[in-house]
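Below is one structure, written out as structure tokens, with a few remarks after it.
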């Protein structure tokens, strides 16, 4: 009771409280996915942050970097800090979010993410890099983490019949956001640029306000279902599938189960394999096909991968509603292993079409891994604490964000240093990625239902 | 009764009053997304030229 009272805002902000977001009869649950997309289509902008890197190295010199301009290595930290705080915020605010509901969480995420842009704009204007680390990195990163997990539980509750599809739609937005943010940012910088000014400050202010408005719209639209609500005609299966529980596991208890760590490894290994090649896609395609894939064509390749990253999130998460989460991950790992192992062959035979096709499928499964995990958690641990558990599991993403690029970059460097031609320098990396996926396959194979001793007792569940 | 019968014939929980809200909400997120995909595909064509 105390925690609920603390969760209520009172006064002018009372519309944010959970009880004010309970849907009235007749509310369509299909309004909830666009509410979630309002948030995810904004926060996924983080994937497109690199479009600011070069302009931000010319803030003083304008046409080229001046000695006092920021270096790329210094600017690279902005993205890294944001991703670290994404993981931390998701891990530490999940329980709070479950208590206060999605509207207050989305509102907070909007203030953090939009506000982070505005603080960073001030940092650019004053040429104080620490303000950008604080604004976009720390505060914006918290907005990323809170925003990422805010709609997950709500969507699963609205769509008990298709939880994979529902969360897949939202998380698809995170993958697709860069497709909007990248051209929008470039266009805004062109509009604001003058011969004596690169236009980044104004672009940050414009983006901050646009994202604040867009995310607030999500907070306004979102609703939670009334207690006991179920879709018309929906009857929960009398005999649930082997891995789908009808019980709930408390977030703290979930951390004591082997299932949490198996799922952590499953997500981490799937993401490690994908994120490593995603970051190097442009360079890799040009080096594996020298003279055939130009820098311009390589940027087209990266764009194509972004589209498949987005489509895969919806496609695979929706498919998992029919074939089961474990089977979906079995496909990710088995098919992923075969495709990673076959990529060097496409380079040796010079088959660009197959190279592109293999990578599009690989990246679709990378996105699919993100989008299917909330429903997998719901199957294993129940719905009640799925938001908080999902938040803690996302630390696997932060870990993969370090492992993946390090593996790809260092192995490539090692190969080249030992006389391997650039075109062949990725072969060993691909085989190692296939090996990682084999480990992931085994972790997923050993997944089983949580023991009954971890389930919430009836009196705890109704408390 | 007639109103109830009409509602019952609609798929799931999509009532008439909700239709406009649904179109607006999905357009709000769909239009920027379609624009982004179009822009990206226009660049991706270079890969096959």
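Chains as they are written, first to last, in the numbering used here: chain F, 109 to 571; chain G, 1452 to 1500.
C-beta: ideal position from N, C-alpha, C; glycine also.
None of these values were measured; they are calculated from a predicted model.
Helix, strand or coil at residue i according to DSSP, with G and I counted as helix
i	result
residue 358 of chain F	coil
residue 1493 of chain G	helix
residue 135 of chain F	coil
residue 59 of chain F	No statement about residue 59 of chain F is possible, as the shown extent of chain F runs from 109 to 571 and does not include it.
residue 525 of chain F	helix
residue 477 of chain F	helix
residue 235 of chain F	coil
residue 1458 of chain G	In this predicted model, residue 1458 of chain G has a pLDDT of only 43, less than 50, meaning its place in the structure is not dependable; the value taken from the coordinates is given anyway. Helix at residue 1458 of chain G.
residue 493 of chain F	coil
residue 267 of chain F	coil
residue 1479 of chain G	helix
residue 170 of chain F	coil
residue 513 of chain F	helix
residue 216 of chain F	helix
residue 208 of chain F	helix
residue 396 of chain F	helix
residue 314 of chain F	helix
residue 401 of chain F	coil
residue 538 of chain F	helix
residue 459 of chain F	coil
residue 432 of chain F	coil
residue 1470 of chain G	helix
Length of the line joining the Cα atoms of residue i and residue j
i	j	result
residue 133 of chain F	residue 463 of chain F	51 Å
residue 290 of chain F	residue 284 of chain F	11 Å
residue 406 of chain F	residue 302 of chain F	30 Å
residue 229 of chain F	residue 157 of chain F	14 Å
residue 574 of chain F	residue 361 of chain F	No answer is possible for residue 574 of chain F: the residues shown for chain F start at 109 and end at 571.
residue 505 of chain F	residue 368 of chain F	14 Å
residue 540 of chain F	residue 421 of chain F	24 Å
residue 91 of chain F	residue 190 of chain F	Only positions 109 to 571 of chain F appear in this structure, which leaves residue 91 of chain F out of reach.
residue 454 of chain F	residue 222 of chain F	44 Å
residue 210 of chain F	residue 194 of chain F	17 Å
residue 484 of chain F	residue 168 of chain F	49 Å
residue 173 of chain F	residue 166 of chain F	5 Å
residue 429 of chain F	residue 1494 of chain G	34 Å
residue 410 of chain F	residue 439 of chain F	24 Å
residue 238 of chain F	residue 1471 of chain G	46 Å
residue 520 of chain F	residue 382 of chain F	16 Å
residue 496 of chain F	residue 318 of chain F	28 Å
residue 1480 of chain G	residue 145 of chain F	7 Å
residue 177 of chain F	residue 1489 of chain G	35 Å
residue 550 of chain F	residue 461 of chain F	31 Å
residue 109 of chain F	residue 119 of chain F	In this prediction, residue 109 of chain F has a pLDDT of 40, which is less than 50 and means its spatial position is unreliable; nothing more can be read from the coordinates.
residue 424 of chain F	residue 135 of chain F	28 Å
residue 280 of chain F	residue 148 of chain F	8 Å
residue 515 of chain F	residue 537 of chain F	7 Å
residue 534 of chain F	residue 1485 of chain G	34 Å
residue 471 of chain F	residue 529 of chain F	26 Å
Residue i burial status per 10 Å Cβ neighbour count (16 or more: buried)
i	result
residue 395 of chain F	buried
residue 249 of chain F	buried
residue 1453 of chain G	Residue placement at residue 1453 of chain G cannot be trusted, given a pLDDT of 41 that sits under 50; the coordinates are not used to answer.
residue 366 of chain F	exposed
residue 326 of chain F	buried
residue 379 of chain F	buried
residue 458 of chain F	exposed
residue 321 of chain F	exposed
residue 1499 of chain G	exposed
residue 282 of chain F	buried
residue 518 of chain F	exposed
residue 153 of chain F	buried
residue 122 of chain F	exposed
residue 102 of chain F	There is simply no residue 102 of chain F to check, as chain F begins at 109 and stops at 571 in what is shown.
residue 256 of chain F	buried
residue 572 of chain F	Any question about residue 572 of chain F goes unanswered here, given that chain F covers just 109 to 571.
residue 559 of chain F	exposed
residue 181 of chain F	exposed
residue 553 of chain F	exposed
residue 444 of chain F	buried
DSSP beta-bridge partners of residue i
i	result
residue 563 of chain F	F/357
residue 305 of chain F	F/302
residue 130 of chain F	F/332
Counting pairs of beta carbons, one from the segment 341–354 of chain F and one from the segment 223–241 of chain F, are three or more of them closer than 8 Å? no
Do the segment 495–512 of chain F and the segment 440–458 of chain F touch if we need at least three Cβ pairs shorter than 8 Å? no
Would you call the segment 477–491 of chain F and the segment 368–387 of chain F in contact, with 3 or more CB pairs under 8 Å? yes
Evaluate contact between the segment 386–405 of chain F and the segment 272–279 of chain F, counting only Cβ atoms and requiring at least three cross-stretch pairs below 8 Å. no
Segment contact, 8 Å Cβ cut-off, at least three pairs: the segment 195–205 of chain F with the segment 171–186 of chain F: no
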